[in-house]
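Residues in the sequence shown are numbered consecutively from 98, following our numbering.
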Amino acid sequence: MVQFGFIEAGALWWELATLVTVMLLGHWIEMRSILQAQGALQELAKLLPDTATRITGEIEETVPVSTLHEGDVVLVRPGERVPADGLVRKGESALNEAMLTGESRPVKKKEGDEVIAATINGEGSLRVEITGTGDKTRLSGIMRLVADAQKSKSRAQHLADRAAQILTGAAILSGMLTLIVWQLLGANIDFSIVRVVTGLVIACPHALGLAVPLVVAISTTLGAKNGLLVRDRRGLEEARNLNTRKLAVPAADGFRALTGKGVAASVGGAEYHIGGPALLKEENAQISDALQTAAEEAAARGQAAIYLLRDGKAMAVFAVADAIREESREAIRALHEGGIEVAMLSGDAQAVADAVATELGIDTVFAQVLPEDKASKVRELQSHGKKVAMVGDGVNDAPALATADIGIAIGAGAVLMSASTVVVAINAQLLKRVEL
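Shown next, in the form of structure tokens:
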């Protein structure tokens, strides 16, 4: 034991070593998290292929991507990634650009179209003339934006940095004063160091200095992964003070559903309708050339056009797309393997229904079918000597279910069950109520 006047101090070297080790471990974990967050940006660079097939005349050679130059022509085979930004000089294909542009559907490319580095080629083969490599690619531009965002600091971070500097200086000064005072009082060196280290551990603002950069790095990276690029963090910080984006949304009165067509309501004394092509036909609505063109372009992409009407005139069109479940492909493939023809009844526009049918391999398509017309479509198929099984999940499918040779209802509605010969249970409670 160490004696100093009336003060007795134990040998705390083991405790101090443990405390310092735990602190260093904590610092290492925090710094590792920061480096990983910043290193996540480099994951984008890994999406570029290591090699590319360069074409010189009639000769094909595999070369490192780093050796490509502007003007080189490369071959991008099906399933390969584009090695650099460029222009399609020969071939047609569809590229998956979701990683960079957020476009969920493959984008068709033909001669003269631009392609982006790291995007994935579809089923076609492309010859691409390189227009940008290295730091000149769009991918590198995105990485620079994110890196600049991580380097930028908000006012709160500047304040935290200044506070950390002041507190660090104060902690060091207090540690020095502690050591000097105890040595002047004649304490042993180990006694003095224990007090110095204790004071530094308590007073040092290590958490403040490391936590803020950690949060900044991680939040910026998460934002980038979700398509939100913050160029200047101060702007993001100021967003919390915005007061001119608030909208006064008027109340809607007299809301009602238009079966098979859409919905309607009154807002501010005007009558508004929202629905698809069947609504346009029912209302005999006027539509401008611009809206018609937008609807046709959406249909060509396999998207349904939803119109907003006010007092019988189309004011806007919205493009809506349904995600096709993988189970649908498997089900249709199984039906085809069993020699069964698949037909689809849809209320969507013909182009949208055709796009879905093409993707799934559906044999027959009936588009823009109103609920009351579904039964007649079933009879049309039966008139050609076919045995028809109808699958439905809504009350408006009941007539068609009853008309079909076999009606398969998905759900627990009493109307559906009474109109069907088979009911598909969707939960355990329904199993108790199903009667075939």
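Glycine included, every Cβ here is placed at the ideal spot set by N, Cα and C.
Whose C-alpha, out of the options, is nearest the C-alpha of residue i?
{"i": "I437", "options": "K484, L192 and R398", "result": "K484"}
{"i": "K206", "options": "Q389, S190 and A345", "result": "S190"}
{"i": "Q465", "options": "L377, E394 and E423", "result": "L377"}
{"i": "Q262", "options": "R292, I286 and A300", "result": "A300"}
{"i": "V449", "options": "G435, R398 and P496", "result": "R398"}
{"i": "M240", "options": "L144, T500 and K410", "result": "L144"}
{"i": "E208", "options": "I277, G482 and V185", "result": "V185"}
{"i": "R174", "options": "G238, G168, G504 and P146", "result": "P146"}
{"i": "P347", "options": "G365, E158 and A336", "result": "G365"}
{"i": "V293", "options": "M273, V312 and A284", "result": "M273"}
{"i": "T275", "options": "A260, L264, A495 and V291", "result": "V291"}
{"i": "S271", "options": "L282, T295, S163 and L281", "result": "T295"}
{"i": "L162", "options": "L282, T265, A214 and D287", "result": "Sequence inspection shows Val at residue 162; the Leu mentioned does not correspond to that position. Residue A214 is the option with its Cα nearest to V162."}
{"i": "K233", "options": "V312, E157 and E167", "result": "E167"}
Check for me: the alpha helix (DSSP H) holding residue i runs from which residue to which?
{"i": "A452", "result": "Q447 to L457"}
{"i": "E368", "result": "Premise fails: E368 lies in the beta strand (DSSP E), A367 to G372, not in any alpha helix (DSSP H)."}
{"i": "I429", "result": "E423 to E434"}
{"i": "R476", "result": "K471 to Q479"}
{"i": "D494", "result": "Counting along the chain, D494 falls outside any alpha helix (DSSP H), and DSSP gives it neither H nor E."}
{"i": "A395", "result": "D386 to A397"}
Could you check whether the Cβ of residue i sits closer than 7 Å to any heavy atom belonging to the ligand MN?
{"i": "T356", "result": "The model on display carries no ligand, and the ligand MN is accordingly not part of it."}
Excluding sequence positions up to five away, which residues of its chain have a Cβ less than 8 Å from the Cβ of residue i?
{"i": "L165", "result": "A149, R151, V171, P180, A181, I227 and T230"}
{"i": "S385", "result": "A411"}
{"i": "G409", "result": "E380, N381, A382 and Q383"}
{"i": "N338", "result": "none"}
{"i": "D210", "result": "L184 and V185"}
{"i": "R342", "result": "none"}
Leaving out the 5 sequence neighbours to the left and right, which residues in its chain are closer than 6 Å to residue i when beta-carbon positions are compared?
{"i": "D460", "result": "E438 and V439"}
{"i": "G183", "result": "V212, V225, E226, I227 and T228"}
{"i": "A416", "result": "A395 and Q400"}
{"i": "D502", "result": "K484 and V485"}
{"i": "A511", "result": "Only weak support exists for where A511 lies, its pLDDT of 47 falling under 50; the coordinates are left without a value."}
{"i": "L432", "result": "V439"}
{"i": "D169", "result": "R151 and I227"}
{"i": "L319", "result": "none"}
Between residue i and residue j, which are expected to be in contact by the criterion C-beta below 8 Å, what is the C-beta distance as a whole number of angstroms?
{"i": "V414", "j": "A446", "result": "Contact flag wrong, Cβ pair sits at about 11 Å."}
{"i": "L297", "j": "A257", "result": "That pair is no contact at about 20 Å."}
{"i": "I371", "j": "L405", "result": "5 Å"}
{"i": "A362", "j": "F352", "result": "4 Å"}
{"i": "M441", "j": "F463", "result": "7 Å"}
{"i": "G176", "j": "G221", "result": "Contact flag wrong, Cβ pair sits at about 11 Å."}
{"i": "R407", "j": "Y369", "result": "5 Å"}
{"i": "I505", "j": "V453", "result": "Incorrect: roughly 20 Å between the Cβ atoms, too far for contact."}
{"i": "A402", "j": "G373", "result": "7 Å"}
Determine the extent of the beta strand (DSSP E) in which residue i is found, giving its start and end residues.
{"i": "G296", "result": "Unbroken run through G296 is the alpha helix (DSSP H), I286 to A300; no beta strand (DSSP E)."}
{"i": "I503", "result": "I503 to I507"}
{"i": "E157", "result": "I156 to P161"}
{"i": "E226", "result": "L223 to G229"}
{"i": "A361", "result": "G359 to V364"}
{"i": "I152", "result": "T148 to T153"}
{"i": "K187", "result": "D182 to K187"}
{"i": "T461", "result": "T461 to F463"}
{"i": "K206", "result": "V204 to K206"}
{"i": "K484", "result": "Looking at the DSSP string, K484 is not in any beta strand (DSSP E), and its letter there is neither H nor E."}
{"i": "S443", "result": "Where S443 is concerned, there is no enclosing beta strand (DSSP E), given that its DSSP letter is neither H nor E."}
{"i": "I403", "result": "A401 to R407"}
{"i": "G143", "result": "Sequence check: residue 143 is Lys here, not Gly. It is not in any beta strand (DSSP E) - K143 carries neither H nor E in the DSSP assignment."}
{"i": "R337", "result": "Where R337 is concerned, there is no enclosing beta strand (DSSP E), given that its DSSP letter is neither H nor E."}
{"i": "G351", "result": "A349 to L355"}
{"i": "A416", "result": "K410 to V417"}
{"i": "A191", "result": "S190 to N193"}
{"i": "L282", "result": "Segment: none, L282 is in no beta strand (DSSP E) and carries neither H nor E."}
{"i": "L172", "result": "V170 to V173"}
With a CB to CB cut of under 7 Å and the five nearest residues on each side skipped, what residues in its chain are close to residue i?
{"i": "A354", "result": "V360"}
{"i": "A497", "result": "K471, A472, V475, M487 and G489"}
{"i": "V160", "result": "T148, A149 and R151"}
{"i": "A114", "result": "none"}
{"i": "R426", "result": "L457"}
{"i": "Q479", "result": "V485"}
The stretch 450-460 contacting the stretch 470-478, beta-carbon criterion three pairs below 8 Å: no
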